[in-house]
Amino acid sequence: MMAGDINPMEQFEVGHLIDLKLFGYDVSFTNSALFMVVVFVLLAVFMAGGLKRQLIPGRWQVAAEGAVSFIDSMVNVNIGKGGKKFAPYIFSLFFFILFANLVGVLPLAIIPHLHTFAVTSHITVTAVLAFFSFGIVLLVGFWKHGLKFFSLFVPHGAPLVLLPVIVPVELISFLVRPFSLGLRLFVAMTAGHILLEVFGSFAVQGLNAGLSGSPIGFVVWVGSFLMILGVSALELLVCAIQAYVFALLTSLYLHDAVHLH
Numbered sequence: 414m415m416a417g418d419i420n421p422m423e424q425f426e427v428g429h430l431i432d433l434k435l436f437g438y439d440v441s442f443t444n445s446a447l448f449m450v451v452v453f454v455l456l457a458v459f460m461a462g463g464l465k466r467q468l469i470p471g472r473w474q475v476a477a478e479g480a481v482s483f484i485d486s487m488v489n490v491n492i493g494k495g496g497k498k499f500a501p502y503i504f505s506l507f508f509f510i511l512f513a514n515l516v517g518v519l520p521l522a523i524i525p526h527l528h529t530f531a532v533t534s535h536i537t538v539t540a541v542l543a544f545f546s547f548g549i550v551l552l553v554g555f556w557k558h559g560l561k562f563f564s565l566f567v568p569h570g571a572p573l574v575l576l577p578v579i580v581p582v583e584l585i586s587f588l589v590r591p592f593s594l595g596l597r598l599f600v601a602m603t604a605g606h607i608l609l610e611v612f613g614s615f616a617v618q619g620l621n622a623g624l625s626g627s628p629i630g631f632v633v634w635v636g637s638f639l640m641i642l643g644v645s646a647l648e649l650l651v652c653a654i655q656a657y658v659f660a661l662l663t664s665l666y667l668h669d670a671v672h673l674h
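Numbering (the numbering used here), first residue to last: 414 to 674.
Structure follows, in structure tokens:
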């Protein structure tokens, strides 16, 4: 049961910062768009600072080179031969999601009444990333193999008698990929933020009750505060894991497109 009248879904509301109309369409600049720009700027600063060539690399340069090496290793292992060309996209995908997740977790207000916004907690953002990745897989598959790409749905060595069952199952599992990519990231980030909001409301209400003379209120406050710490630590871990899983699965799907079986 929710404490007070706090709405945990309010943090996901997209609000207009600058109202704009273009040819009759609403193209207003929103808080979601703002934090996409913030994520882009942070990522650009991170890479720009790390690309400075120094005789003795500083920590910033080591971190940037480590990030590039990490993605390069992921691409080489999961895509293999011919996968180098996809490294820039996988890099951009991984670090955009990672930075967006981390920025969304920070309990800060960059200007009064405008708190950090988790753009990856919106299905529209995660779905665009997922379908864009899926579109690249399709383009690469048909460009490289033509109609032979459909052989992806026929497992090597499968008995002919089972093909009427296997092919539809393989096709459905292939078509579900973009939905699973987008939903996994969206659900993980949304659930974590809701938990933090709910326990935060419990902590506030418990503290108010304790200050009013109720000993149980202090118990609720301490318990809720400990849960906030635990969920926050878990949320930071999920931020990194979800970015890694999204990039990893995209790499595996690209492997299928490049090498088929």
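Quick reminder that beta carbons are idealized off the backbone N, C-alpha and C, glycines included.
Being a predicted model, the structure only gives us computed values, none of them experimental.
Ranking I510, S593, P501, F504 by CA distance to the CA of F544 puts S593 first.
H429 carries a strand assignment under DSSP once its states are collapsed to helix, strand and coil. By the C-beta density criterion, W634 is buried, having at least 16 other C-beta atoms within 10 angstroms. Going by DSSP, I641 is part of the alpha helix (DSSP H) stretching over 628–672.
For A616, the enclosing alpha helix (DSSP H) begins and ends at 590–624.
P572: not part of any alpha helix (DSSP H); DSSP gives it neither H nor E. DSSP, read as helix, strand or coil, puts F545 in helix. Contact between M449 and V518 is absent: CB atoms are separated by about 16 Å, not below the 8 Å threshold. Taking the C-beta atoms as reference points, V440 is found no nearer than 8 Å to L430. For K465, the secondary structure class from DSSP, reduced to helix, strand or coil, is coil.
For the stretch 467–537, the full-length beta strand (DSSP E) segments reaching 3 residues or more read 522–524 along the chain. CA-CA distance, V644 to M602, rounds to 12 Å. At the C-beta level, V553 and V671 come within 8 Å of one another. Between the alpha carbons of G630 and I641 lies a distance of about 16 Å. Under the three-pair Cβ rule at 8 Å, the stretch 506–516 counts as touching the stretch 644–656. Rounded to whole angstroms, the separation of the alpha carbons of V454 and A461 is 10 Å. Around the beta carbon of E426, a 10 Å sphere encloses fewer than 16 other beta carbons of the protein chains shown; the residue is thus reported as exposed. In this structure the stretch 612–632 does not touch the stretch 571–588; the number of beta carbon pairs closer than 8 Å is below three.
Beta-bridge partners assigned by DSSP to F442: I431. The alpha-carbon of F436 is positioned some 27 Å away from that of V451. Excluding the 5 residues flanking it on each side, A660 has same chain C-beta neighbours closer than 6 Å at I503, L506, F507, in chain order. Excluding five sequence positions before and after Y666, the CB atoms of its chain that fall closer than 8 Å to its own CB belong to S546, F547, V550, R590, given in chain order. Of the residues assessed, T663 falls on the buried side of the cut-off, its CB having 16 or more other CB atoms within 10 angstroms. Of the other Cβ atoms in all chains shown, 16 or more fall within 10 Å of the Cβ of E610; this residue is therefore buried.
Straight across, the Cα-Cα distance linking G495 with L447 is about 36 Å.
Residues G595 of the same chain have their beta carbon placed closer than 7 Å to that of A540, with the five preceding and five following residues left out of the count.
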